[in-house]
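Peer 1: For the sequence shown, position 371 (counting from the first letter as 1) is numbered 371 according to the UniProt record's numbering, and the numbering increases by one without interruption.
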Amino acid sequence: MANGIQRSLVSENGMPFDIVDRHSQWNFGPGALQTFNGWQYAAYWDDTKQVSVARRKLPDGPWAVVSLSDYQRTRTGDRGKGGVISRGFGDGHEKVAMGISPDGFIHLSFDHHLSTLRYRRSNDPIAQYPEKVFWDENLFADVQNHLGIAHSQSPGDNGQGNEMQTAPRLERVTYPSFISHGNSMLLYLRLGGGSGAANSHLFHYSGGSWSPRDEPSSQFIDQRWSGGDGTVNAYPFGFVFQHGRCHLTWCWRDNPDHRTSHDLCYAYSDDGGVHWRNNDGSLVATHGLEFITADSTGITVMKIPPGHGYRNGGSMVVDEESRVHVLARGPNGDPTIYQRDPQAGDWTRMQSPQLGKLLTYKSNLYLVSNDTFYRTNPADPTKFKVLASGFESTFENSKLSLDLQRPSHDGWTSIIGQKGKNITVIDVKLE
C-alpha cells in the first residue's frame with residue numbers, strides 16, 4: 001500500500017478544538033467529504049466560527065476553500081425553542097452536514113442542538129459543471145430556517161398551483177443528515193425534543209424542492225412507548241440505499257445518559273422512505289401517518305439491555321450481497337460488528353478490532369479508525385488485515401469522515417480529519 005496512499009492539505013483554517021473550555025471535536029459531520037462528478041467536496045467549521053466549503057478536482061487537484069461569512073457560530077444567536085439547553089457552545093452536536101443532490105446542488109445544514117433549522121444550498125447546480133464555476137461564497141444562498149418556497153394549490157386553479165408559500169420554520173433540530181439515492185435525496189432530522197424524548201423525520205428532495213416541508217407530515221418514528229418514563233428516541237447508526245431499498249438501523253435511548261441506550265433495531269423501505277417494514281417484512285409505519293415506536297413488532301433484532309457498555313454512535317454499510325453491517329459497541333462496551341443475513345434475516349455479532357467507520361467496495365469490507373485502515377471478508381468479518389496505519393497524528397482533534405462516493409468513481413477512498421487547525425485528506429487505494 002505504500003504507493004496507494006496520498007495526502008493533501010485542505011486548509012490551515014480548521015476550528016481549533018480548544019476554542020472553548022470543553023475541547024470538543026467540532027468536525028466532521030455526516031457527508032463532510034464526498035465525490036460528485038469527478039470533484040471532491042468538504043465542509044467544516046473554520047477558525048472564524050464560520051462554515052468553510054472546499055473542493056478539488058480528482059485525483060490530486062489543489063484545494064480551493066471558501067468561508068461563508070454571513071453566518072457565525074455564537075453563544076448568543078437565536079437558538080430557537082431549545083432555549084438555554086441549546087446554547088451550549090462547542091458540545092460537539094453542531095457539526096456541518098453536507099449533501100450533494102443528484103441534480104448538482106450542494107446542501108448544507110449546521111449548528112444544531114435543539115435549535116432552529118440552519119439550512120442553505122448553492123444557488124445553482126454547481127456540482128454539475130464545476131469547471132465553469134469560480135469558487136466563492138456568492139455561490140451559496142442565504143441561511144434559511146425552513147425548507148424553501150413552493151407553489152401551493154388554490155381552489156379552482158385546476159391543480160396548476162398559482163400561489164407561492166414559504167415552508168414553516170423548523171424548531172428543536174438536531175443531527176441533520178443527507179442521504180442521496182437515485183434521482184432524489186432525503187434529509188433526516190431529529191425534531192420535537194432532546195435525548196430520550198424526540199421524534200425522527202424525513203424530508204424528500206426531488207426536482208429542486210423539498211416535500212413534505214413541515215414537521216407533522218415528515219415524521220416516521222415516534223418517541224412514545226410503554227416502557228421507562230413513557231418516552232424514548234431513536235439514534236440511527238445509518239441509512240443506506242442499495243438496489244432501491246433503504247436500510248435503517250438504530251438504538252433507543254431513554255434519557256440524556258448514554259448508559260440508557262438499548263436494543264439494536266432494524267427497518268427497511270422499498271419506496272424511498274414512505275412505507276417501512278420490520279425485519280420480517282411486515283409493514284410497521286407509513287411516513288407522516290403511522291410511526292415506528294419502541295413497541296413496534298419485529299423491529300428489535302437484538303435485545304440489549306440498558307445500563308451496560310452499549311450506546312449510540314456507530315457506522316453502517318450494506319455490502320454487494322445485501323448483508324447489513326453495523327459497527328458499534330457491544331453490550332460489554334467492546335467494539336462489535338452486527339451482521340444481518342439477507343436471506344434468513346438472522347442477526348449475529350462478532351468482535352471488531354476497533355470502532356470507526358465502515359466502507360464496502362466490490363467484495364471487501366473495510367474498517368477505518370483514527371489510526372488504522374483494515375480490510376476483511378464481509379461474509380466472515382472476524383479476520384482483519386491492516387492495509388495502512390499511522391493516521392492518529394493527523395486526525396487527533398476531530399472525528400474522521402469517509403468519502404463513500406469516491407470508490408465507485410476511481411477505486412480510491414478518502415478520509416478527512418484535523419490536527420490543530422490543519423484539515424487533511426488521506427487518499428487510500430482500495431484493494
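A virtual CB, placed ideally from N, CA and C, is assigned to each residue, including glycine.
#1: Return the residue from the list T336, G330 and S209 that minimises the CA-CA distance to H107.
#2: How is Q128 classed by DSSP in three states: helix, strand or coil?
#3: For residue 432, count neighbouring Cβ atoms within 10 angstroms of its own Cβ and tell me buried if that reaches 16, exposed if not.
#4: Tell whether a beta-carbon distance below 8 Å holds between I299 and C265.
#5: In this structure, does DSSP put Q153 in helix, strand or coil?
#6: Using beta-carbon positions only, say whether H201 and L186 come within less than 8 Å of one another.
#7: Tell me, which residues are paired with M185 by DSSP?
#8: Take P155 and list the residues in its own chain whose beta-carbon comes closer than 7 Å to its own, dropping the five residues that flank it on each side.
#9: Could you tell me the alpha carbon to alpha carbon distance between P342 and P168, rounded to whole angstroms?
#10: In this structure, what does DSSP give as the bridge partners for H146?
#11: Go to H375, then tell me how far its beta strand (DSSP E) extends in each direction, as first and last residue.
#12: Can you tell me whether Q275 is helix, strand or coil according to DSSP?
#13: Assess contact between the stretch 223–241 and the stretch 126–140, defined as three or more Cβ pairs (one per stretch) separated by less than 8 Å. Is contact present?
#14: Is P305 helix, strand or coil when you go by DSSP?
#15: For my contact list, Y44 and I423 are in at a C-beta cut-off of 8 Å; report their separation, rounded to the angstrom.
#16: Report all residues from its chain with a CB closer than 6 Å to the CB of H258; omit the five preceding and five following residues, and keep chain order.
#17: Is it true that the CB of S393 sits closer than 8 Å to the CB of K419?
#18: With DSSP run on the structure shown, which of helix, strand or coil describes S269?
#19: Check each candidate in D263, H262, S261 and F291 and name the one with the smallest Cα separation from H275.
#20: With 16 other CB atoms within 10 Å as the buried threshold, where does V428 fall?
Peer 2: On the basis of the data shown:
#1: Numbered from 1 along the sequence shown, position 107 holds the residue referred to as residue 107. When each option's Cα is compared against that of H107, the closest is S209.
#2: Reading the sequence shown from its first residue, position 128 is the one you call residue 128. Correct three-state label for Q128: helix.
#3: Past the boundaries of the shown model lies residue 432; the chain is included only from 1 to 431, so the question cannot be answered.
#4: Locating residue 299 in the sequence shown gives position 299, where the first residue counts as 1. Locating residue 265 in the sequence shown gives position 265, where the first residue counts as 1. Contact: yes.
#5: The residue labelled residue 153 in the question sits at position 153 within the sequence shown. Bear in mind that a pLDDT of 47 at Q153, under 50, signals an unreliable position, so the number given afterwards is only what the model happens to contain. Reduced to three states, the DSSP call for Q153 is coil.
#6: Position 201 of the sequence shown, counting from 1, holds the residue named residue 201. Position 186 of the sequence shown, counting from 1, holds the residue named residue 186. Their beta carbons are not under 8 Å apart, which means H201 does not touch L186 by this criterion.
#7: For the purposes of this step, residue 185 is taken as the residue at position 185 of the sequence shown. Per DSSP, S180 and Y205.
#8: Here the question's residue 155 lines up with position 155 in the sequence shown. Reliability of the predicted coordinates at P155 is poor, the pLDDT of 42 falling under 50, and no value is obtained from them.
#9: As a first step, residue 342 is located in the sequence shown; it is residue number 342 there, counting from the start. As a first step, residue 168 is located in the sequence shown; it is residue number 168 there, counting from the start. Distance between the alpha carbons of P342 and P168 is about 40 Å.
#10: Along the sequence shown, one-based indexing puts residue 146 at 146. H146 pairs with nothing; no bridge assigned.
#11: Mapped onto the sequence shown, residue 375 falls at position 375. A quick correction: the sequence has Arg, not His, at residue 375. Unbroken beta strand (DSSP E) run through R375: T372 to T376.
#12: Locating residue 275 in the sequence shown gives position 275, where the first residue counts as 1. Looking at the sequence shown, residue 275 is not Gln but His. In the structure shown, H275 sits in a strand (DSSP, three-state: E or B).
#13: no
#14: As a position in the sequence shown, residue 305 is number 305, starting the count at 1. Correct three-state label for P305: coil.
#15: For the purposes of this step, residue 44 is taken as residue 44 along the sequence shown, with counting starting at 1. For the purposes of this step, residue 423 is taken as residue 423 along the sequence shown, with counting starting at 1. Yes, Y44 and I423 are in contact; Cβ-Cβ is about 6 Å, under 8 Å.
#16: Your numbering for residue 258 matches position 258 in the sequence shown. Result list for H258: R311, in chain order.
#17: One-based indexing of the sequence shown puts residue 419 at position 419. One-based indexing of the sequence shown puts residue 393 at position 393. Closer than 8 Å, so yes.
#18: Position 269 of the sequence shown, counted from the first residue, corresponds to residue 269. DSSP places S269 in strand when its eight states are reduced to three.
#19: Within the sequence shown, numbered from 1, the residue matching residue 275 stands at position 275. When only C-alpha atoms are compared, the closest one is F291.
#20: For the purposes of this step, residue 428 is taken as the residue at position 428 of the sequence shown. Buried is the call here.
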